[in-house]
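K.L.:
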Amino acid sequence: MDPEVSFMLHCDPLQALGEHQIHVEISDRFNRQSFPEIEQHIEAVWSDRVAKQPWLFNGAKFRLHSAVLSVIEKGPMAEQAVQNLTHSPRGEGDQLESADKSSDRLAKDEQSCVLTLQLGLTCYKDYLGTNWSREAGRLQSHGQNECADPQAFLAQPLGVGAVVATADGDVVLLRRSQKVAEAAGLLDIPGGHPEPKMLCPEVSEEAICTDLLQGKERAVVSEIFSSVCAEISDEVNVPISSLSKPVFMGIALNHTSAGRPSAEFYVRCTLTTEEVRDFYRHGGPEAHESTEILFLSRAKMFQLNECAPLWSEMCPSAKGAVLLYQRVMPDC
């Protein structure tokens, strides 16, 4: 596999998960570990970045501590696990209804398969000072030595990404602007982050804490899934009403940012390739983040690998999503 990416976990072929199969546990126990020296480093990095880019905004993010994919034997209690694989940073219309039903079939409505995400909180400032810092390698070594977890001192914000297929079966790729902070000029998929702020609208970003999220676990899952469609709509400028319900394929790790995790999804769009292209040309809320839209046929998506010329133009998040798509959605 490309050294820039790896899988934390992935679903079996044709067994992508629906929203009802995802559960979360939220606790400050899943927050980043700390020690004085790294806090000083984070503050120094942030001060330097804000001086150069005064428009930077420090928003709260969900921190992924670990993920557990369980296959539960169906029965009266439906609670007997026959397989339990734990993965952590350690080791609108008829068309849309049809698309949603198809996505539901992809998820197989298998109540016996459940993904549990252990989530804490982090922020963009902590990400810049840990995962995206020159100290990331040292922090991973320290985490392994002190906590038996190389990611313990890293921010590990949970991202989301989407392989979006048009009504013609083509997959959407975006060329990132030269002005973005990461992977400038490279090809990417639509994506971003679920936002804790959406669950605490009356609270400032800095005041958001895990206590405020207790009892809101289903709302957190809903935010993760809805953020996928929101990012597609903002970046590609297609109506959310044209998008099917996302299904979860797996979690990819970006090793150019010290193993930052991204949950990757598959989404169908009821618009044709040309319709999507036209919407994109009109520009959306995040049009400044990309300069070009490309479409790859399903056949070409399955031909992508490290030897393909296009592979070197893709950013790690897109590579991880493509590899998951090839593995989990072979007959979609």
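Residue numbers (the numbering used here): 1 to 332. Note that beta-carbon positions come from the ideal geometry of N, C-alpha and C, so glycine has one too. Fair warning: this is a prediction, and the values are worked out from it, not measured in the lab.
Would you kindly work out how many angstroms separate the C-alpha atoms of Cys-113 and Lys-52, rounded to a whole number?
P.N.:
Cα to Cα, the separation comes out at about 47 Å.
K.L.:
Straight-line CA distance for Ser-6 to Pro-261?
P.N.:
Going by the C-alpha atoms only, they are around 10 Å apart.
K.L.:
Judging by CA-CA distance, which residue of Asn-237, Trp-46 and Ser-66 is the nearest neighbour of Glu-292?
P.N.:
Selected option, being the one with the closest Cα: Asn-237.
K.L.:
DSSP beta-bridge partners for Ile-26?
P.N.:
Looking at the DSSP assignment, Ile-26 forms a beta bridge with Leu-119.
K.L.:
How would you write the range of the beta strand (DSSP E) that His-20 sits in, first residue to last?
P.N.:
Note, His-20: premise wrong, no beta strand (DSSP E); not H, not E.
K.L.:
Assuming Ala-162 contacts Phe-265 (C-beta within less than 8 Å), just tell me the rounded distance between them.
P.N.:
About 5 Å; that satisfies the 8 Å criterion.
K.L.:
Going by DSSP, what residues sit across from Gly-159 in a beta bridge?
P.N.:
Per DSSP, Ser-262.
K.L.:
Just how far apart, CA to CA, sit Gln-21 and His-10?
P.N.:
Computed Cα separation, rounded: 14 Å.
K.L.:
Once the 5 residues before and after Ala-183 are set aside, which same chain residues still bring their CB inside 6 Å of it?
P.N.:
So the list reads Arg-176 and Cys-315, once near-sequence residues are dropped.
K.L.:
How about Leu-304 and Val-276: are their beta carbons less than 7 Å apart?
P.N.:
Contact flag unset, no.
K.L.:
Should the stretch 278-293 be called in touch with the stretch 140-153, which here means at least 3 C-beta pairs below 8 Å?
P.N.:
Flag = no, the stretch 278-293 and the stretch 140-153 do not touch.
K.L.:
Would you report the Cα separation of Leu-243 and Asp-28, rounded to the nearest angstrom?
P.N.:
Answer to the nearest angstrom: the Cα atoms are 34 Å apart.
K.L.:
Going by C-alpha to C-alpha distance, which of Met-198, Val-267 and His-142 sits closest to Lys-245?
P.N.:
Answer by Cα proximity: Val-267.
K.L.:
Consult DSSP for Asp-331 and reduce its assignment to one of helix, strand or coil.
P.N.:
Reduced to three states, the DSSP call for Asp-331 is coil.
K.L.:
Please name the residue in Leu-56, Glu-37, Arg-32 and Ser-312 whose C-alpha comes closest to that of Ala-181.
P.N.:
Answer by Cα proximity: Leu-56.
K.L.:
In this structure, how does DSSP classify Gly-169 when only helix, strand and coil are distinguished?
P.N.:
In the structure shown, Gly-169 sits in coil (DSSP, three-state: anything other than H, G, I, E or B).
K.L.:
Assuming contact is defined by CB atoms lying nearer than 7 Å, are Gly-59 and Tyr-124 in contact in what I supplied?
P.N.:
In this structure, Tyr-124 lies closer than 7 Å to Gly-59 by Cβ.
K.L.:
Whose C-beta lies closer than 6 Å to the C-beta of Trp-117 among residues of the same chain, with five residues either side of it excluded?
P.N.:
Trp is not the amino acid found at residue 117; the sequence shown has Leu there. Only Val-24 and Ala-67 meet the Cβ criterion.
K.L.:
Tell me the DSSP secondary structure of Lys-188 in three-state form.
P.N.:
In the sequence under discussion, the amino acid at residue 188 is Asp, which differs from the Lys named in the question. If DSSP states are grouped into helix, strand and coil, Asp-188 belongs with the strands.
K.L.:
Since Gly-250 is in the beta strand (DSSP E), which residue starts that stretch and which ends it?
P.N.:
Its beta strand (DSSP E) spans residues 247-254.
K.L.:
Out of Asp-234, Leu-121, Leu-64 and Leu-187, which one is the CA nearest neighbour of Leu-115?
P.N.:
Ranking Asp-234, Leu-121, Leu-64 and Leu-187 by Cα distance to Leu-115 puts Leu-64 first.
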